[in-house]
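Under my numbering, the first residue of the sequence shown carries the number 1226, and numbering increases by one thereafter.
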Amino acid sequence: MAVICVELAGRSYEVRVGEGLLADVAGQCGAMLRKKRVPIVTDENVARLWRETVDASLTGAEFDPRWHVLPAGEGSKSWDQLSRTVEWLLAEEVERGDHILALGGGVIGDLTGFAAAILKRGCGFIQLPTTLLAQVDSSVGGKTAINTPAGKNLVGAFHQPSLVLADLNVLETLPGREMGAGYAEVIKYGILGDAGFFAWCEENGAKVMAGDKAAQEYAVTESVKAKARIVAEDERETTGARALLNLGHTFGHALEAETGFSDRLLHGEAVALGMVLAARYSARRGLISAADAQRVATAIAAAGLPNSLAALGLNASGTTLAGHMLHDKKMDAGTLPFVLLKGIGQAFLDRDVSLRDVADFLDEQL
């Protein structure tokens, strides 16, 4: 088991990466559970696959697991499900010193973390991420949120977990498309800040996707280390360091909005295509070579991820897509910073990007 510490002043916590962690959930986090009754939030798909395993560990240690099972999918990151979850937690008499277990992907982690942030002005929660994307990205760093009709993740809070258990065994149950969506976030860390790790991804991406446990542990561990360093430097995205983690997200969120936040384009797929667009736009502006931009696109395609905007077949214009960006939560004084590239592993924040120019670029890509 690999252990990575997320170093925050007075609130540091561990991310543990290995096999069999859910089967030993009581042993891993039992010391944090003050009461026999343990509230667990999950979704229908995850409950079908992993509820029995978690139940066995907790009941074997004489805990009383209590389950709140939500519909699977992005639609659960809503006001309605947040309200239902908070009311359920209150009915379960959860107190400030208690910990809620969030068993699921990014949707469950985001929703449960936000509920924990606002319940009685803040209680503890433990992340049990069940997707590759959640293990390497959303479960670490304390960003929690729900979606609204105005856009994605516009209502939320920074609320750090007390512990993250990334069980590699859960990856065996993921559909290939979900694995690819998570792998987009893995390769992101190489593109934005570590050319050596990007080269490793180019060589070993197929192993990660095929289920090689050693490759998966290295990919998850190195990704978490990279995110932990950035979060420690810029927890609340105020200095600009953490904003680099949004590589591909500004383009990606616009594509998600245009496709209705649906299964037509998963979040990780949108980020993957967004990174390709960010690289190509960087090349268009003369910041990187066309060869480097193509390297990004090739690595993304090799993982089975989308790397062509035209191939999506959107009935939209560049102006329409750029218009979605106006609702981006990173808007600041009427301008939108973009994460662009000066090279592989050299991301930077450009605050002088014209959305008109972006719209023209997207028209070309469409």
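By construction, the Cβ of each residue, glycine as well, lies at the ideal position given by its N, Cα and C atoms. As the structure is a computational prediction, the values presented were derived from the model and not from experiment.
**Message:** I need the DSSP call for N1532, collapsed to helix, strand or coil.
**Reply:** coil
**Message:** Using 8 angstroms as the threshold, is the C-beta distance between I1265 and V1311 below it?
**Reply:** no
**Request:** Confirm, please, whether the CB-CB distance from V1279 to L1328 is below 8 angstroms.
**Result:** yes
**Message:** Whole angstroms are fine: how far does the CA of G1401 sit from the CA of A1431?
**Reply:** 12 angstroms
**Asked** Considering only residues of the same chain and omitting the five flanking positions on each side of E1244, which have a CB-CB separation below 6 angstroms?
**Response** L1393, N1394
**Message:** What ranges does the alpha helix (DSSP H) occupy inside the segment 1461–1518, keeping only unbroken runs of at least 4 residues that lie completely in it?
**Reply:** 1474–1483, 1492–1509
**Asked** Under the rule that 16 or more other beta-carbon atoms within 10 Å means buried, what is E1320, buried or exposed?
**Response** exposed
**Inter-residue CB distance, V1521 and I1416 (contact presumed, cutoff 8 angstroms)** = 6 angstroms
**Asked** With 16 as the cutoff for other CB atoms within 10 Å, does K1567 come out buried or exposed?
**Response** exposed
**Item:** Limits of the beta strand (DSSP E) - the one that C1230 falls within
**Value:** 1227–1231
**Item:** L1580 vs A1541 beta-carbon contact at 8 angstroms
**Value:** no
**Request:** Output the boundary residues of the beta strand (DSSP E) element that contains L1574.
**Result:** 1572–1575
**Prompt:** Do you know whose CA, among T1369, L1307, L1353, lies nearest Q1253's CA?
**Reply:** L1353
**Item:** Nearest-angstrom beta carbon gap, V1263 and A1291 [assumed within contact, 8 angstroms]
**Value:** Note that residue 1291 is Arg in the sequence shown, not Ala. The pair is a contact, with the Cβ atoms about 7 angstroms apart (cut-off 8 angstroms).
**Request:** Just mark W1304 as buried or exposed, buried being the case when its beta carbon has 16 or more other beta carbons within 10 Å.
**Result:** exposed
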